[in-house]
Structures are given as C-alpha cells and as structure tokens.
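Number of protein chains: 2
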Amino acid sequence: MPKIVRFHETGNAYVLRIEELPLSEPKEGEVRLKVEAIGLNRAEIMFRQGMYLETPEFPSRIGYEAAGTVDAIGPGTSGIQIGDRVSTIPSFSVGRYGVYGESAIVPIHAVARYPETLSVVEGAAIWMQYVTAFGALIEYGRLKKEDAVLITAASSSVGLAAIQITKSIGAMAVATTRGMDKKQALLDAGADHVIVTDKEDMAAKMMALTDGKGADILFDPVAGPFLEKLARAAGAGARIFEYGALSPSPTPFPLFDALSKGLTVRGYTLFEIVANPGALTRSKQFVYDGLGSGTLKPVIARTFKLEEITEAHRYMESNQQIGKIVVTV
Amino acid sequence: MPKIVRFHETGNAYVLRIEELPLSEPKEGEVRLKVEAIGLNRAEIMFRQGMYLETPEFPSRIGYEAAGTVDAIGPGTSGIQIGDRVSTIPSFSVGRYGVYGESAIVPIHAVARYPETLSVVEGAAIWMQYVTAFGALIEYGRLKKEDAVLITAASSSVGLAAIQITKSIGAMAVATTRGMDKKQALLDAGADHVIVTDKEDMAAKMMALTDGKGADILFDPVAGPFLEKLARAAGAGARIFEYGALSPSPTPFPLFDALSKGLTVRGYTLFEIVANPGALTRSKQFVYDGLGSGTLKPVIARTFKLEEITEAHRYMESNQQIGKIVVTV
Numbered sequence: 001m002p003k004i005v006r007f008h009e010t011g012n013a014y015v016l017r018i019e020e021l022p023l024s025e026p027k028e029g030e031v032r033l034k035v036e037a038i039g040l041n042r043a044e045i046m047f048r049q050g051m052y053l054e055t056p057e058f059p060s061r062i063g064y065e066a067a068g069t070v071d072a073i074g075p076g077t078s079g080i081q082i083g084d085r086v087s088t089i090p091s092f093s094v095g096r097y098g099v100y101g102e103s104a105i106v107p108i109h110a111v112a113r114y115p116e117t118l119s120v121v122e123g124a125a126i127w128m129q130y131v132t133a134f135g136a137l138i139e140y141g142r143l144k145k146e147d148a149v150l151i152t153a154a155s156s157s158v159g160l161a162a163i164q165i166t167k168s169i170g171a172m173a174v175a176t177t178r179g180m181d182k183k184q185a186l187l188d189a190g191a192d193h194v195i196v197t198d199k200e201d202m203a204a205k206m207m208a209l210t211d212g213k214g215a216d217i218l219f220d221p222v223a224g225p226f227l228e229k230l231a232r233a234a235g236a237g238a239r240i241f242e243y244g245a246l247s248p249s250p251t252p253f254p255l256f257d258a259l260s261k262g263l264t265v266r267g268y269t270l271f272e273i274v275a276n277p278g279a280l281t282r283s284k285q286f287v288y289d290g291l292g293s294g295t296l297k298p299v300i301a302r303t304f305k306l307e308e309i310t311e312a313h314r315y316m317e318s319n320q321q322i323g324k325i326v327v328t329v
Numbered sequence: 330m331p332k333i334v335r336f337h338e339t340g341n342a343y344v345l346r347i348e349e350l351p352l353s354e355p356k357e358g359e360v361r362l363k364v365e366a367i368g369l370n371r372a373e374i375m376f377r378q379g380m381y382l383e384t385p386e387f388p389s390r391i392g393y394e395a396a397g398t399v400d401a402i403g404p405g406t407s408g409i410q411i412g413d414r415v416s417t418i419p420s421f422s423v424g425r426y427g428v429y430g431e432s433a434i435v436p437i438h439a440v441a442r443y444p445e446t447l448s449v450v451e452g453a454a455i456w457m458q459y460v461t462a463f464g465a466l467i468e469y470g471r472l473k474k475e476d477a478v479l480i481t482a483a484s485s486s487v488g489l490a491a492i493q494i495t496k497s498i499g500a501m502a503v504a505t506t507r508g509m510d511k512k513q514a515l516l517d518a519g520a521d522h523v524i525v526t527d528k529e530d531m532a533a534k535m536m537a538l539t540d541g542k543g544a545d546i547l548f549d550p551v552a553g554p555f556l557e558k559l560a561r562a563a564g565a566g567a568r569i570f571e572y573g574a575l576s577p578s579p580t581p582f583p584l585f586d587a588l589s590k591g592l593t594v595r596g597y598t599l600f601e602i603v604a605n606p607g608a609l610t611r612s613k614q615f616v617y618d619g620l621g622s623g624t625l626k627p628v629i630a631r632t633f634k635l636e637e638i639t640e641a642h643r644y645m646e647s648n649q650q651i652g653k654i655v656v657t658v
C-alpha cells in the first residue's frame, strides 16, 4: 500500500503523519500519478495550521505540487497517457486531492508535461512559482521593459521566479530580504539590486534606484504593516500585488499614498489564472518558452526524503532557504 | 476692487473671509474670469480644514469650480477669447488659483466652454463631478452594460454623476445612503436600487440584487472601516475605487476578501485624468456628448450668494443636500 501524508488536526509540522493506505483508482476526469518528487509551498503550511483560504476536513491530505509518472487514467480523460512524465498545476482542492505521498490522484486539467531537460526534482518546482509570478507580472501587470519591479520575500521560490520573469522582459528587478545573509545569493539569482530591509530604508533606496520615480509593480506575499512601506516605495500609478498573508498583523490600507499616487492594491492568487482557460494557456506557453530558452530555471534550495516531511516543513518555516524545497519519493 | 474669498488659518467655515483685493492681471498661460457662479466641493472643505492633499499657504485663496466670462487673457494663450462663456476644470493648485470670488485667474488648460443650453449655475456643476466619475467608471473601470456598480455617498454631486454615467452605459446603478430620507430622491435621480445602510445589510442586499454575483465596480469616497463592508459586497475580480477620505478612522485593507475574490482597491482622484491629455480629451468629449443627449444633467441642491459663503460651506457639512451646492456671484 502506498505511503500517504495526512493530518488529523491543525497544528505545527508534527501533525503530519505518514500512513499506508489502499491504492485508490481515478474517477471520471481524474488521473493517478506515481509520485517521484513533491514541491513544498507556503500555502500548505498555512493549510496545515488552519489559516488558509481552504479549511481542512479530517483526515486531510495535503499538497499542491508533485512530479511523477501517470500510472492510471479515469474515464472521460484525453491527451494524457499512462507512462507520461508530468507535474501538477495547483488548480484543485489541496485537502481533497493533496499530492504528498507515493501516489496521488488529481483532475486531468491539473497535469502538464515538463521539459525532458529538467530533472524530476525541478519538475516539481515549476507551476506554482512561475504561474503565480506570471499572473501578477505579465497577465495582469503587463510588465514592460522600462518598468521597475520591487519583489519582496525574494528568496522564496515565487520571489526567485518573479526575478527571473522580470529579467526575461528586460525590466529592473529589485529584491528585498530581511538580513545581509541572502543578499549575495539574490544578486547571483539575477536581481539587479537588493534592499536589506533590516538595515536600509526601502522607500528611500527604491526611489534612489529609479531616479525618484519609484516602483511600477510591487509583488508581495507579506501584507500587514509592510504594505504602508510598499506604498511609500511605489511610484505614481503603481500596482501592488498582495499574493499572501505572511504577516500575522492586520493590514492598514495606505489611503493617503493611494490617493496622491493613484495606487492600486490588488489581492491576487494563482487560482484566478488556473480558473481562466485563456490565461492558463498563456501562462503555460510563457513557462515552456522560458524553460526552453533558459531564462527560467528552477532554483532548488534543498531536498528531503518523504520520511522527513516534518523536517521539510520545519525547514520552510525556518526561512533559511533560497528557492524551492523538494521532497523526493 | 473685486470681492475675493480667502482664509488666513485652517478651521471651520467661519475662517472664510470676503476681502476686497486689487484686480490681478493674468500672466503667461493664464486667463481671468469674471465669475458668475461657483460650484462647491468637499475637497475645499478638507483644504480649509488643513486635511487635504494640498496644504494652504496663508493668506490662501480657495475653490476649484467656477463658471463665468473670460475678461482678460495672458500672453501665450490660444483658443480662448475675451467674452467666452466657460467653466473651470479642477487641474490647478486650489490655494494659488482658488476661484471663490468675483474674479479668478486660472491656467488656460483649465477652462472649457459648456453648452449654451446650461445655465451658469449648471455650468459650475460639471467638471469635478463628471470627470471624477468618468475617470473611475469609464477610463479605468471600463464599465460594461452587464456590470453592477455600487455607488456610495450617492447624494453627493459626484455620486449623482456616477449614477447618471452608469445608466448612460446601461449598467446597474445601486446607490447607498445612510438614512431613509434620501432614498426616494436617489431613485428619482436614476438609481436602479437604493441600499439604506443604517437599516440594511449592504453586502447581503448587493448579493441579492445581482443573483449572488456581487458588485463589479464600487465607487466610494468614504474609506475607513467601510472598505471592509464594500469588500463583502464586491464580486470576484471587482474593482473598488476610493476617491476620498471622508471617514476620520484608519482604513483596514480587506486582505482575506481581496485574496479570495481577486479584488482591486485603487486610490483615485480626478487629477490623474486632468494631468493626462488623452484621458482629459476623452472625458470632455464624454461629458459634452452626455450633456448634449441629456443622459447627463447636473443636479443643483441649493444656491447661495457670495456673501453667504460660510453658510454654504456649513450647509455642505450638514450633509442635507442632494446634488451640487452652487454660489452665485
């Protein structure tokens, strides 16, 4: 029987359990994967804590991103064959379809092939990060090469994806990080400039880097009181994309800056893109083109074994990583 | 010597003084108006109180909107003749160029003719209200006839302009007002539905009116904790335009609703439109077309004489009016 990760109550990383469960069969519109690698996401930590957009029903599976091989196909599916090498695009209930484990069933629309040139570990580190950043920067943000983009929490997989996408357009990528320890790694990852927020005034430095113009697009998963600092670093007409809620504090809306600069603050998740067939097709093509040309290249922070799933979650919570944490199966 | 309204300190309506001052001559790029009517705006009350985007330098003039006759032209101006019947588009410093008084000097770009069919009182009630609503609903909001628009503080001149513009596109206009007393007047002014916020649950009623879809565009000058209620009344992908700061309280950003519905909250003022020549041309054409066809028609709440400028400000602060308060000169 395959090993499956489930949890029976919300809480810290120790609520995750590895259980042996009967192999399930895919139903109408579903396919089954033999999972080879699992990409971890902050969303799963919030789901495990009971602080996510979706609330778990116990016992609950968990997990959005896996790479593996199709080993069973349900009725009413087409375009995918047994033996195909695919990874999953987060576009399903993370509790009902969670992919942490040796076997996972997902809706057919959520699987996509990934380039032969990528390892299976890299295959599990594509869709969440690139589709999330694509949706904000390209689909909605209409990023132009003259633009300056401020990317916060930049060492996360989505942050690094945003740096790569910004540079692929030829725009300026300014990354933020809290301490000095990750500064060089962010420059190495392609950021034009790095602002160390514990030591530097973010707004003043962003203005200096742009001849007083400020950021055109700001891409942030933190929210909380940090939004007011983002508004000060923003230029006239700037768009601030809030794609997460990492701050435990309430988020004051920066009304005065918004009125005087004409700022837009937009709540955003990749689910808007994956629910929109046109946008999803555009995002997949953008990602395939970028992976093919090498402008997009997943950064793997560290791998763990399935038996170490708790340690893998705890490592993500430690915020030491630069890039994607992947669990091999 | 012409009578001019100035103030020498911030404060309540009694700081406004009527002073006789020497007639000024227009400089390069400026024209002078013999003022016949003055349209009052909430922005001027906030400026008088020292709570506006612009801070007064004393003694300060005040006022954005006047209708009158051109009686002097500075060098470097073209397209406007002495004797032209014009009104002013707010696109200048309200302190330096303020139009309250018998004579006003404004930049040439800020004057526009208005239709012969309108009285001079109506001429002073065009540009602030229609350009403000046009910019949010049409220029940025791309309002479509399938959309539902929630218009708060709907009895204000800008609110009524938004109702008229919404109806001119064929979209649904839902107006809010605090008490029952203005409900019928808002229906008479063209609102499809009125929500009385002191008695009704705004989000529940908005959802009921739209088969559970929610508002597509929300147009609000209040902000403060009211923004969280707006977010609950908003549909997926809705855009909330905040064009004022009437609430004295801080404005919490509705992060959870913004993430789950993909909401946009945009700070907005008409100054974005008037500073953009293309958008200004489009807005003027839209307003001329609407005034010509009768889909747009200024609503005048009450007129005062110039000597009653303090009473006129106090009347605006009483929130009894439905439509524009105009001072005749």
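Chains as they are written, first to last, in the working numbering: chain C, 1 to 329; chain G, 330 to 658. Heads up, the beta-carbon is just placed ideally off N, CA and C, and yes, glycines get one too. Computed from a predicted model, the values in this text were never measured in an experiment.
{"query": "Inter-stretch contact (C-beta, 8 Å, three-pair minimum) for the stretch 480 to 487 of chain G and the stretch 388 to 399 of chain G", "result": "no"}
{"query": "Within chain G, the residues that V265/C reaches when beta carbons sit closer than 7 Å", "result": "F582 and V594"}
{"query": "Secondary structure, alpha helix (DSSP H): runs of 4+ residues fully inside the stretch 248 to 306 of chain C", "result": "255 to 261, 271 to 274 and 277 to 293"}
{"query": "9 Å Cβ cut-off: residues of chain G touching E44/C", "result": "What E44/C touches in chain G: nothing, since even the nearest Cβ is about 16 Å away."}
{"query": "Counted within 10 angstroms of its Cβ, other Cβ atoms place G123/C as buried (16 or more) or exposed", "result": "buried"}
{"query": "Cβ-based contacts, 7 Å cut-off: residues of the stretch 460 to 490 of chain G near chain C", "result": "none"}
{"query": "Burial state of H8/C (16 or more Cβ within 10 Å)", "result": "exposed"}
{"query": "Any C-beta of chain C under 8 Å from that of Y597/G", "result": "yes"}
{"query": "Distance CB(M457/G)-CB(P419/G) smaller than 8 Å", "result": "yes"}
{"query": "Unbroken stretches of the beta strand (DSSP E), 3 residues or longer, contained in the stretch 465 to 509 of chain G", "result": "477 to 480 and 501 to 506"}
{"query": "Run of the alpha helix (DSSP H) containing G452/G, from where it starts to where it stops", "result": "V449 to G452"}
{"query": "Contact with chain C by P579/G, beta-carbon distance below 8 Å", "result": "yes"}
{"query": "Rounded C-alpha distance that separates Q81/C from A544/G", "result": "43 Å"}
{"query": "Neighbourhood of P248/C by C-beta, 8 Å cutoff - its chain only, sequence neighbours within 5 removed", "result": "G224"}
{"query": "Euclidean distance between Cα positions of G11/C and F582/G", "result": "27 Å"}
{"query": "Proximity test, Cβ basis, 8 Å: A245/C and chain G", "result": "yes"}
{"query": "Contact set between G50/C and chain G, taken where Cβ atoms lie within less than 7 Å", "result": "Near G50/C there are no residues of chain G at all, since even the closest Cβ is about 14 Å away, more than 7 Å."}
{"query": "Straight-line Cα distance separating Y381/G from A372/G", "result": "7 Å"}
{"query": "Chain C contact residues for G591/G, given Cβ-Cβ distances below 8 Å", "result": "R266, G267, Y268, T269 and E272"}
{"query": "Check whether A462/G and V487/G have beta carbons under 8 Å apart", "result": "yes"}
{"query": "Closest Cα partner of R282/C within the set E307/C, A173/C, Y130/C and K213/C", "result": "Y130/C"}
{"query": "Buried or exposed by the 16-neighbour rule on C-beta atoms within 10 Å, applied to T166/C", "result": "buried"}
{"query": "Chain-ordered chain C contacts of M571/G [CB-CB under 9 Å]", "result": "The amino acid occupying residue 571/G in the given sequence is Glu; Met does not appear at that position. The contacting residues are F253, L255, A258 and L259."}
{"query": "P115/C and G262/C closer than 8 Å at C-beta", "result": "no"}
{"query": "CB of I309/C within 8 Å of CB of L16/C, strictly", "result": "yes"}
{"query": "Helix, strand or coil at K183/C [DSSP, three-state]", "result": "helix"}
{"query": "Short-range partners of chain C found in the stretch 380 to 394 of chain G, where Cβ spacing is below 9 Å", "result": "L382"}
{"query": "Cβ pair V423/G, E386/G closer than 8 Å", "result": "no"}
{"query": "Residues from the stretch 535 to 569 of chain G in contact with chain C, defined by Cβ distance under 7 Å", "result": "A552 and L556"}
{"query": "First through last residue of the alpha helix (DSSP H) which encompasses H313/C", "result": "I309 to S318"}
{"query": "Rounded separation between S318/C and D211/C - CA only", "result": "36 Å"}
{"query": "C-alpha distance - G405/G paired with A439/G, whole-angstrom precision", "result": "14 Å"}
{"query": "Distance CB(A502/G)-CB(G368/G) smaller than 8 Å", "result": "no"}
{"query": "The stretch 548 to 562 of chain G touching the stretch 523 to 533 of chain G, judged by at least three CB pairs closer than 8 Å", "result": "yes"}
{"query": "When T88/C, Q184/C and G74/C are compared against G63/C, the one with the closest alpha-carbon", "result": "T88/C"}
{"query": "Proximity of A175/C and D147/C at Cβ, strictly below 8 Å", "result": "no"}
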